[in-house]
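Numbering (the numbering used here), first residue to last: 112 to 369.
By construction, the Cβ of each residue, glycine as well, lies at the ideal position given by its N, Cα and C atoms.
Quick caveat, the model's predicted, so the values are computed rather than measured.
Down below is the structure, laid out as structure tokens.
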Amino acid sequence: MQLNFISNENLKKHIAETIEQYGERLQPYDIKKFNSNIVDPIKLLFDKNVYGSSWEEIIKSEIFRQRDKSNNNSIGYFHQKIFQYIEGCTVPKSGWDVIFKKSGGIEFEDCGAVSTVYVEMKNKHNTMNSAASAKTYMKMQGQLLRDDDCACMLVEVIAQKSQNVPWTVSLDGQRQKHRRIRRVSIDEFYKLVTGEETAFYQLCMILPKIIAEVISDFENLTVPKDIVFSELSRQASANSFELALYMLGFKTYLGFSK
112 MQLNFISNEN
122 LKKHIAETIE
132 QYGERLQPYD
142 IKKFNSNIVD
152 PIKLLFDKNV
162 YGSSWEEIIK
172 SEIFRQRDKS
182 NNNSIGYFHQ
192 KIFQYIEGCT
202 VPKSGWDVIF
212 KKSGGIEFED
222 CGAVSTVYVE
232 MKNKHNTMNS
242 AASAKTYMKM
252 QGQLLRDDDC
262 ACMLVEVIAQ
272 KSQNVPWTVS
282 LDGQRQKHRR
292 IRRVSIDEFY
302 KLVTGEETAF
312 YQLCMILPKI
322 IAEVISDFEN
332 LTVPKDIVFS
342 ELSRQASANS
352 FELALYMLGF
362 KTYLGFSK
């Protein structure tokens, strides 16, 4: 399968760069790395008992959670930077996530044509609180004041539904809406910039094959072998696993320090 809006060569290059973004998260976890931000032993204790898991399962789950939190940034890199390979799009180093220009104008059903679209991109629809939403909306209002031949978009990868609609927010207790400040799901944005209705679907369908091909070309890419559980087990040999875990977060606390 060949996509019309990005070459296989550029897609493979971008996927390789995204995998490289994982960086140190591919390194094995030991106790020092596991506890670099100080884990919450009480939470892990509750999780183990409430979910009926083993300590090994809980430790693996916590390591996965720590990796996954950082991996979201890498996936954000994938979703944003891919547009540098799509005609009409640029990915600035700062300011906006994506800028889309099209000769002859970019047409909207409910607000006519504009020459430029400025994009803020979010991985998920619920990642912005009201203050962040208001700040982003005011940034877009400012852009419209400086350029009356543009539109601004909040593009969401994981949106509540497929949409391309005016974005409504609350500013100082007042509901604000402008037809050229829009809330757009990623599929609709791909449709806009490529002219192909199912462009994002096509990308999703080809991704598993291309990712597998790219990973097979990585010479030193290996599954990390974490040693946190075995290290904690050795520390717990003279006492209990719970105490070894408590010492990660409470070793300087009264009682524990002795």
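With H, G and I counted as helix, E and B as strand and the rest as coil, what does DSSP make of residue i?
i           : result
residue 305 : helix
residue 341 : helix
residue 207 : coil
residue 311 : helix
residue 215 : strand
residue 354 : helix
residue 288 : strand
residue 268 : strand
residue 129 : helix
residue 362 : coil
residue 202 : coil
residue 247 : helix
residue 369 : coil
residue 152 : helix
residue 299 : helix
residue 225 : strand
residue 232 : strand
residue 281 : strand
residue 86  : Lying before the first or after the last residue shown, residue 86 is absent from the chain, which here runs from 112 to 369.
residue 275 : strand
Check the C-beta distance from residue i over to residue j and give it rounded, since I have them as a contact under 8 Å.
i           : j           : result
residue 277 : residue 293 : 6 Å
residue 265 : residue 295 : 7 Å
residue 152 : residue 365 : Actually they do not touch by this definition, with Cβ atoms about 15 Å apart.
residue 269 : residue 236 : 6 Å
residue 239 : residue 191 : The pair is not a contact, with the Cβ atoms about 16 Å apart (cut-off 8 Å).
residue 160 : residue 234 : Actually they do not touch by this definition, with Cβ atoms about 32 Å apart.
Is the CB-CB distance between residue i and residue j below 7 Å?
i           : j           : result
residue 158 : residue 169 : yes
residue 254 : residue 263 : yes
residue 244 : residue 280 : yes
residue 367 : residue 361 : yes
residue 225 : residue 260 : yes
residue 133 : residue 185 : yes
residue 321 : residue 122 : yes
residue 136 : residue 181 : yes
residue 288 : residue 139 : no
residue 116 : residue 197 : yes
What separation, rounded to the nearest whole angstrom, lies between the Cα atoms of residue i and residue j?
i           : j           : result
residue 326 : residue 222 : 44 Å
residue 112 : residue 298 : 19 Å
residue 165 : residue 252 : 52 Å
residue 126 : residue 341 : 34 Å
residue 120 : residue 209 : 21 Å
residue 257 : residue 175 : 45 Å
residue 189 : residue 218 : 27 Å
residue 200 : residue 212 : 6 Å
residue 141 : residue 128 : 26 Å
residue 334 : residue 205 : 34 Å
residue 356 : residue 177 : 17 Å
residue 329 : residue 275 : 38 Å
residue 282 : residue 332 : 48 Å
residue 346 : residue 324 : 42 Å
residue 348 : residue 147 : 23 Å
residue 124 : residue 273 : 28 Å
Review point. Are the segment 245-261 and the segment 300-316 touching, with three or more C-beta to C-beta distances below 8 Å?
Key: no
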